[in-house]
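Numbering (the working numbering), first residue to last: -12 to 178.
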């Protein structure tokens, strides 16, 4: 399972979409209590649920991990994280929760400078107040510090997220080759 992590506006959702369409990765549909944007479709972009339903499912152990962001819950179910060729977007807390529960994740930090991220968020049409709030939440969460802890760092400064997706595919393809044979990994390490 791949976990993409990045501050708002870094392009993780776009990159994940490319990885799914072009390279066959599977994205579990996360669950959220947020209000859908006009272009978002229930069951496609997110599974939209009420806060009350979220709490009821939490009581049953349905969630593998969840976080609260901008007043709304975002979560993946236990079944969501069992996909063999899966890719998720997570925050630091989500990564820690899943790895502490024994789930194997390959973490990839999407790196983009702050000015580029802010421009991208503005182009999405988010109001200035929301942009400032997201920047503050990203700073408070320490998400930029995760760059040093991630398994890999991929730069997405260019206007072509295909490049970042291709780099992630190459990383994962080489990891799969290594995990298939300890002998091959030892040979690669010696080269």
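Cβ coordinates follow ideal geometry from the N, Cα and C atoms, glycine included.
Where do the N-terminal and C-terminal ends of the alpha helix (DSSP H) with residue i fall, by residue?
i           : result
residue 45  : 38 to 46
residue 142 : Unbroken run through residue 142 is the beta strand (DSSP E), 139 to 142; no alpha helix (DSSP H).
residue 87  : 79 to 87
Check residue i in the structure and name its three-state DSSP category.
i           : result
residue 66  : coil
residue 157 : helix
residue 34  : strand
residue 13  : strand
residue 20  : coil
residue 59  : strand
residue 135 : helix
residue 146 : coil
If I measure Cβ to Cβ from residue i and keep anything under 7 Å in the same chain, skipping five residues before and after, which residues do I get?
i           : result
residue 86  : 92
residue 0   : 76
residue 5   : 148, 149 and 152
residue 11  : 72
residue 133 : -8, 79 and 96
Along the chain, where does the beta strand (DSSP E) containing residue i start, and where does it finish?
i           : result
residue 76  : 74 to 76
residue 55  : 50 to 56
residue -11 : -11 to -8
Compute the beta-carbon to beta-carbon distance between residue i and residue j, rounded to the nearest angstrom, for a pair I have assumed lies under 8 Å.
i           : j           : result
residue 95  : residue 152 : In fact, because the Cβ distance is near 11 Å, the residues do not count as touching under 8 Å.
residue 57  : residue 120 : 7 Å
residue 51  : residue 42  : With a Cβ gap of about 16 Å, residue 51 and residue 42 do not count as contacting.
residue 2   : residue 130 : The Cβ separation is near 16 Å, so there is no contact.
residue 100 : residue 45  : Their Cβ separation, rounded to whole angstroms, is 37 Å, which puts residue 100 and residue 45 out of contact at 8 Å.
Below 8 Å CB to CB, which residues in the same chain sit around residue i once its five sequence neighbours on both sides are set aside?
i          : result
residue 70 : -12, 13 and 15
residue 7  : 13, 14 and 74
residue 23 : 29, 32, 33 and 35
residue 25 : none
Enumerate in chain order the residues of its own chain whose CB-to-CB distance from residue i is below 6 Å, with the five nearest sequence positions on each side excluded.
i           : result
residue 54  : 61, 78, 80 and 81
residue 139 : 95 and 158
residue 38  : 20
residue 142 : 98
residue -10 : 75, 77, 82, 92 and 94
Next on the checklist: For a minimum of 3 consecutive residues, which ranges assigned as the beta strand (DSSP E) are wholly contained in the segment 92 to 121?
Outcome noted: 93 to 98
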